[in-house]
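K.L.:
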Amino acid sequence: MRLKIHCQNRIGILRDIVSHFADYGVNVARGEVGGDHGNTIYLFLPRLLNAQLATLRPTLETVPGVFSVKRVNLMPSERRHLELDALLSSLSDPVMSIDMEGRIVAANRAAGQMLGVRIDEVPGLSLDRYLPDFDLPELIRRNNARVNGLRLKLKEATYLADIAPLHSENDDDVASLAGAVVTLHRADRIGERIYQVQRQELRGFEAIFQASPRLAELIREARRMAPLDAPLLIEGETGTGKELLARACHLASPRGQAPFMALNCAGLPESMAETELFGYAPGAFEGARPEGKLGLLELTAGGTIFLDEVGEMSPRLQVKLLRFLQDGGFRRVGSDEETYLDVRVICSTQQDLPQLCAAGLFRHDLYHRLNVLSLQVPPLRDCLDGIDELARHFLDRAARQIGCALPQLSPAALARLSGYHWPGNVRQLENVLFQAVSLCEQDTIEPAHLRLPDVRQAPGLAGIDLDGELGEILGEVEKRVLAALYPQYPSSRQLGKRLGVSHTTIANKLKRHGIGIEQGETP
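Numbering-wise (this note's numbering), the sequence shown opens with residue 55 and increments by one.
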């Protein structure tokens, strides 16, 4: 159990508090002092029981200078550790802290994967084992300053290393070298990184191409809604840029400098989605971290959380999300303490939520909570009046990334783009044009360079009516796939494992299409 004691900062107050626990034979395993004026004491008492705390609390509050005693989920140092761990885990580049003996003190998951060991095996490894001809401590002593772009070869791969020295102060307040933090960048991916940086140069609404009048109208609506603090629901097909629009709304809001976190609700098992979003308390379940885990909501405090494909959220998570939208409170998994946060919620879906509500697969009250503000992103096939400019924009991006001259788009190729139905929308267009630039050996892209699968000629769709809207066509294909596989995998868990999605998602789809239910079976 962890306690937070708000008190005066006076000599002997810690002794007076701890003595009461000693009287009960309860050991104080760890303590920390916090607050701006040292007026908060945190104590970790692993064997303190709830009944003992109920008895001790009135006694502790009679200690002169003690104002309040309450339970908390984490000590301040534990929270800092979790936040740092979450930050390092989010980095795709290997990051290692090295001491002045050349040993690895700490590293992130990417570094462990690079070295070929588990993350818990990294501390204590000698850098000489991987870089026998490189004396990092000597380099740090010689430079005593940051080194950028040092070329290294490690495990047959070439990296560019950024080395930042670490300093510590001794008792005489004299700074001394304590080691360095080393960040490694794969040399063969630098061009890709530059391209990604170029893609991020334009942020917010400026990053969304608006050649089509429909898209321009969408951006005008989004700009009006962005500064508001109410929940926002973004609807649209896959590949239309719903997350890009959500990020733009966040950046244009008063929360623009605060964190923006995203969680894809589709394909995640219910338990994993719950711990990712809400976190869990120390020792919440077997295999959990002893210090617990911060969820995305807490990491986003003051900012915006983006829930992609919210229609796939399980009923249990729908209840917890509804409660959070109502009063800003939630409980971590395995905790009985309420946590209250100020976070704006933006959701997206490519499903018909009112239809899911009517089918009993989505809560009516949650839908109305989410649908305070809404934006409908049009599919690319409805914005073909701007495809010429959009295509040239993507061609320029691709040419810059590949490092070749900018090719032109022939009239026949443009006609091919304009006549296509684009089931993958803008994302598919960008990928097709990138491939076209890589295939083109001349200065003009012709229809032969455009690898566009024609759904209407696909033999696997024989007997399917292609005259309806895309959602109706895909729904029929989905129903046929599930109906064909269900006899071999007659449960939502088996079928979900076979198709690589969560059993909750499969259960919802089976119920929606009436598969298995007519035989009296429960998905």
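Beta carbons are placed, not taken as given, at the ideal position from N, Cα and C, and that holds for glycine.
Only a predicted model underlies this, so the values are computations on that prediction, with no experimental measurement involved.
Apart from the five residues just before and just after residue 26, which ones in its own chain have a Cβ nearer than 8 Å to its Cβ?
P.N.:
The question about residue 26 has no answer, for the chain in this structure spans 55 to 577.
K.L.:
Short check: CB of residue 524 to CB of residue 483, under 9 Å?
P.N.:
Not closer than 9 Å, so no.
K.L.:
What three-state label does DSSP hand residue 579 in the structure shown?
P.N.:
The structure shown has nothing for residue 579, since the chain only spans 55 to 577.
K.L.:
Among 328, 190, 174 and 274, which has the Cα closest to the Cα of residue 302?
P.N.:
For residue 302, the nearest C-alpha among the options comes from 274.
K.L.:
What does the alpha-carbon distance come out to for the pair residue 107 and residue 386?
P.N.:
Cα-Cα distance, rounded: 21 Å.
K.L.:
By DSSP, does residue 360 sit in helix, in strand, or in coil?
P.N.:
Strand.
K.L.:
Between the alpha carbons of residue 370 and residue 458, how many angstroms are there, rounded?
P.N.:
When rounded, the distance between both Cα atoms is 51 Å.
K.L.:
For residue 360 and residue 300, what's the separation of their Cα atoms in angstroms?
P.N.:
For residue 360 and residue 300, the distance between alpha carbons rounds to 7 Å.
K.L.:
Just the C-alpha distance for residue 203 and residue 238, rounded to the nearest angstrom, thanks.
P.N.:
When rounded, the distance between both Cα atoms is 9 Å.
K.L.:
Could you name each continuous beta strand (DSSP E) segment of 3 residues or more that falls completely within the region 385-458, going from the start of the chain to the end?
P.N.:
Entirely contained in the region 385-458, the beta strand (DSSP E) runs reaching 3 residues are, in chain order, 392-394, 398-403 and 427-430.
K.L.:
Tell me the rounded alpha-carbon separation between residue 198 and residue 149.
P.N.:
Cα-Cα distance, rounded: 19 Å.
K.L.:
Where in the region 78-117 do unbroken runs of the beta strand (DSSP E), each at least 3 residues long, occur, reported from the N-terminal end onward?
P.N.:
Here the runs fully enclosed are 84-88 and 94-98.
K.L.:
Between the Cα of residue 265 and the Cα atoms of 72, 461 and 439, which residue gives the shortest distance?
P.N.:
It is 439 whose Cα lies nearest to the Cα of residue 265.
K.L.:
Using only alpha-carbon positions, find the residue among 435, 261, 64 and 205 that is nearest to residue 92.
P.N.:
Taking only the C-alpha atoms, the option nearest residue 92 is 64.
K.L.:
Across the region 350-369 and the region 554-562, are there enough close Cβ pairs to call them in contact, namely three or more that are closer than 8 Å?
P.N.:
Result yes; three or more Cβ-Cβ pairs closer than 8 Å.
K.L.:
So which of 110, 131 and 506 has the shortest CA-CA distance to residue 84?
P.N.:
The shortest Cα separation from residue 84 among 110, 131 and 506 belongs to 131.
K.L.:
Beta-carbon separation of residue 313 and residue 383 under 9 Å?
P.N.:
Cβ atoms of residue 313 and residue 383: not closer than 9 Å.
K.L.:
Please classify residue 61: does DSSP put it in a helix, a strand, or coil?
P.N.:
Strand.
K.L.:
Considering only the beta carbon of each residue, do residue 529 and residue 430 sit closer than 9 Å?
P.N.:
Going by C-beta atoms, residue 529 is not nearer than 9 Å to residue 430.
K.L.:
Can you list, in chain order, the residues of its chain whose CB lies under 6 Å from that of residue 417, leaving out five sequence neighbours each side?
P.N.:
Same-chain partners within the cutoff: 372.
K.L.:
With distance defined between alpha-carbon atoms, name the residue in 234, 213, 184 and 420 nearest to residue 193.
P.N.:
Of the listed residues, the one whose Cα sits closest to residue 193 is 234.
K.L.:
Along the beta strand (DSSP E) that carries residue 289, what are the first and last residues, could you check?
P.N.:
286-289 is the extent of the beta strand (DSSP E) around residue 289.
K.L.:
In whole angstroms, what is the alpha-carbon distance linking residue 492 and residue 158?
P.N.:
Distance between the alpha carbons of residue 492 and residue 158: 41 Å.
K.L.:
Grab me the residues of residue 317's own chain with a C-beta within less than 8 Å of its C-beta, minus the 5 sequence neighbours each way, in chain order.
P.N.:
Answer for residue 317: 327, 330, 331, 350, 359, 360, 361 and 362, listed in chain order.
K.L.:
If I follow the unbroken beta strand (DSSP E) through residue 122, where does it start and stop?
P.N.:
Segment 120-126, the beta strand (DSSP E) holding residue 122.
K.L.:
Taking buried to mean at least 16 other C-beta atoms within 10 Å of its own C-beta, is residue 339 buried or exposed?
P.N.:
Exposed, because fewer than 16 other Cβ atoms sit within 10 Å of the Cβ of residue 339.
K.L.:
Would you identify the three-state DSSP class for residue 190, choosing helix, strand or coil?
P.N.:
Helix at residue 190.
K.L.:
If residue 345 sits next to residue 135, beta carbons under 8 Å apart, how far is it from one beta carbon to the other, in whole angstroms?
P.N.:
About 7 Å separates the two Cβ atoms, so the contact holds.
K.L.:
For residue 319, which residues of its own chain have a beta-carbon under 7 Å away from its beta-carbon, when the five flanking residues on both sides are left out?
P.N.:
These residues qualify, in order along the chain: 327, 361, 362, 363, 364, 366 and 367.
K.L.:
Identify, in the order they occur along the chain, each residue of the same chain with its Cβ nearer than 8 Å to the Cβ of residue 200, setting aside the five sequence neighbours on each side.
P.N.:
Cβ neighbours of residue 200 beyond the five flanking positions: 216, 217, 218 and 219.
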